[in-house]
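Working notes, structure below.
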Amino acid sequence: VFDVSKPWLNRVLERREKEYLTAVSEVSFDVAERSTYALVGESGSGKSTIGKMLVGLLSPSDGHVEIEGVDLANEPDAAKVDAVRADIQMIFQDPYASLNPRWRVKDIIVEPVASRGGKTEGMAEKLLEQVGLSVKDAGKFPHEFSGGQRQRICIARALASEPRLIVCDEPTSALDVSVQAQVLNLMSDLKENFGLTYVFISHDLTVVRHMADVIGVLYLGRLVEEAVPGRLFDDPKHPYTQMLLEAAPKMDAFGREIQPPEGEIPDPINPPPGCAFHPRCPLAQDICKRDRPRLRQIGGTRVACHFAE
Ligand code: SF4
Ligand code: MG
Numbered sequence: 012v013f014d015v016s017k018p019w020l021n022r023v024l025e026r027r028e029k030e031y032l033t034a035v036s037e038v039s040f041d042v043a044e045r046s047t048y049a050l051v052g053e054s055g056s057g058k059s060t061i062g063k064m065l066v067g068l069l070s071p072s073d074g075h076v077e078i079e080g081v082d083l084a085n086e087p088d089a090a091k092v093d094a095v096r097a098d099i100q101m102i103f104q105d106p107y108a109s110l111n112p113r114w115r116v117k118d119i120i121v122e123p124v125a126s127r128g129g130k131t132e133g134m135a136e137k138l139l140e141q142v143g144l145s146v147k148d149a150g151k152f153p154h155e156f157s158g159g160q161r162q163r164i165c166i167a168r169a170l171a172s173e174p175r176l177i178v179c180d181e182p183t184s185a186l187d188v189s190v191q192a193q194v195l196n197l198m199s200d201l202k203e204n205f206g207l208t209y210v211f212i213s214h215d216l217t218v219v220r221h222m223a224d225v226i227g228v229l230y231l232g233r234l235v236e237e238a239v240p241g242r243l244f245d246d247p248k249h250p251y252t253q254m255l256l257e258a259a260p261k262m263d264a265f266g267r268e269i270q271p272p273e274g275e276i277p278d279p280i281n282p283p284p285g286c287a288f289h290p291r292c293p294l295a296q297d298i299c300k301r302d303r304p305r306l307r308q309i310g311g312t313r314v315a316c317h318f319a320e
């Protein structure tokens with residue numbers, strides 16, 4: 012359709028392609044059933060992009076998104092893709108934006124099931140109780156609830172279709188500090204009671220420390236380190252993880268005052284060559300500017316740094 016002989020258009024297309032290519036690249040991680048995998052990174056790290064790809068809100072411009080062996084972006088059998096998708100739900104950062112203001116709570120909660128033609132009798136009332144709200148709330152509208160209550164409604168909606176995996180994108184960071192812990196506790200309880208699996212996206216290592224079974228640290232669209240929380244906090248192997256942890260004591264309990272590590276995050280459209288972290292890295296050597304470190308296993312940690320030892 013486009014006349015690609017036009018040089019300016021070529022540049023636009025090139026730039027676009029690169030934009031998508033560098034949003035997230037070569038990110039692969041295993042999430043054990045009934046566990047929580049936390050994806051942590053600063054804004055621009057690609058964590059929300061990954062979350063949206065997992066639930067199908069974004070498609071990769073190139074490459075694939077593979078879950079349980081099904082390539083969601085390229086699988087020709089739509090039924091196979093639907094079967095995987097049906098098991099995945101998402102909770103968003105902003106509970107205000109993700110609830111239709113004109114719908115009653117009971118209709119919002121059952122919508123994922125109703126839209127697939129499922130039975131919803133009594134479902135909303137039961138779920139409201141399970142997320143700590145009242146049966147009487149079923150007939151109300153979203154504006155009648157506080158932020159924390161609205162996030163509970165979002166959680167009830169996510170639970171309605173009995174998903175195996177819930178992708179949580181900063182589910183508490185838009186809430187008052189006083190209610191953040193309540194919502195996190197609820198999510199932990201629900202995980203136990205329903206046998207859920209979470210991919211929990213956050214900018215804040217201190218929030219995920221107690222939630223996560225495994226933490227993956229993202230930098231400019233790539234995983235730079237992955238380990239269980241104890242190992243990651245006690246023995247961080249990547250200089251970026253070390254920087255994030257050094258910044259941590261300056262945060263309040265919920266990371267509201269997070270101090271970004273020294274230096275600017277580079278433009279994701281033009282990431283630095285070699286190790287993308289090298290302009291900010293105190294340990295950078297010449298090789299870091301040339302060769303991109305691969306993710307490799309050292310002890311119980313996966314880490315992408317030439318000098319992780
Ligand atoms: Fe720093 Fe080099 Fe390791 Fe990158 S590869 S984190 S620049 S030491
Ligand atoms: Mg985000």
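Residue numbers (UniProt numbering): 12 to 320. Think of the CB as a built atom: it goes at the ideal place given N, C-alpha and C, for glycine as much as any other residue.
Which class does residue i belong to by DSSP, given the choice of helix, strand or coil?
| i | result |
| --- | --- |
| Cys179 | strand |
| Gly74 | coil |
| Met101 | strand |
| Asp246 | coil |
| Tyr209 | strand |
| Thr47 | strand |
| Glu136 | helix |
| residue 332 | For residue 332 there is no data in the structure shown, the boundaries of the chain being 12 and 320. |
| Ala238 | strand |
| Arg303 | coil |
| Gly128 | coil |
| Gln308 | strand |
| Pro283 | coil |
| Val219 | helix |
| Arg313 | strand |
| Val146 | helix |
| Gly227 | strand |
Determine the contact status of residue i and residue j, defining contact as a CB-CB distance below 8 Å.
| i | j | result |
| --- | --- | --- |
| residue 334 | Val146 | No statement about residue 334 is possible, as the shown extent of the chain runs from 12 to 320 and does not include it. |
| Tyr230 | Thr47 | no |
| Asp148 | Leu138 | no |
| Leu243 | Leu306 | no |
| Ile120 | Arg168 | yes |
| Val92 | Val81 | yes |
| Gly206 | Arg45 | yes |
| Thr312 | Glu237 | yes |
| Pro106 | Arg161 | yes |
| Leu197 | Thr183 | no |
| Ser172 | Pro112 | no |
| residue 322 | Val228 | Because the chain in this structure spans residues 12 to 320, residue 322 falls outside the shown range and cannot be described. |
| Cys299 | Gly310 | no |
| Leu201 | Leu170 | yes |
| Ile177 | Ile102 | yes |
Measuring only the C-alpha atoms, how far is residue i from residue j?
| i | j | result |
| --- | --- | --- |
| Tyr251 | Glu53 | 11 Å |
| Ala185 | Gln104 | 6 Å |
| Pro153 | Lys248 | 45 Å |
| Arg301 | Ala315 | 14 Å |
| Gly133 | Gln191 | 29 Å |
| Trp114 | Lys151 | 9 Å |
| Phe40 | Glu155 | 40 Å |
| His289 | Ala295 | 5 Å |
| Ala84 | Met254 | 35 Å |
| Gly57 | Leu110 | 24 Å |
| Ala319 | Glu79 | 30 Å |
| Val188 | Asp245 | 26 Å |
| residue 338 | Ala223 | Since the first and last residues shown for the chain are 12 and 320, residue 338 lies out of range. |
| Lys63 | Asp180 | 9 Å |
| Arg127 | Asp88 | 18 Å |
| Gly232 | Pro282 | 10 Å |
| Leu68 | Ala125 | 20 Å |
| Phe211 | Ser59 | 10 Å |
| Glu203 | Val239 | 19 Å |
What whole-angstrom Cβ distance do residue i and residue j have, given they're in contact under 8 Å?
| i | j | result |
| --- | --- | --- |
| Ala49 | Ser213 | 6 Å |
| Ile61 | Val42 | Rounded, the Cβ-Cβ distance is 12 Å, inconsistent with contact. |
| Gln193 | Gly159 | 6 Å |
| Ala94 | Lys117 | Not really, about 27 Å apart at Cβ, beyond 8 Å. |
Is any heavy atom of the ligand MN found at a distance shorter than 7 Å from the C-beta of residue i?
| i | result |
| --- | --- |
| Leu234 | This structure simply doesn't include the ligand MN; it includes the ligand SF4 and the ligand MG instead. |
Does the pairing of the segment 212-219 with the segment 91-99 give three or more beta-carbon distances under 8 Å? no
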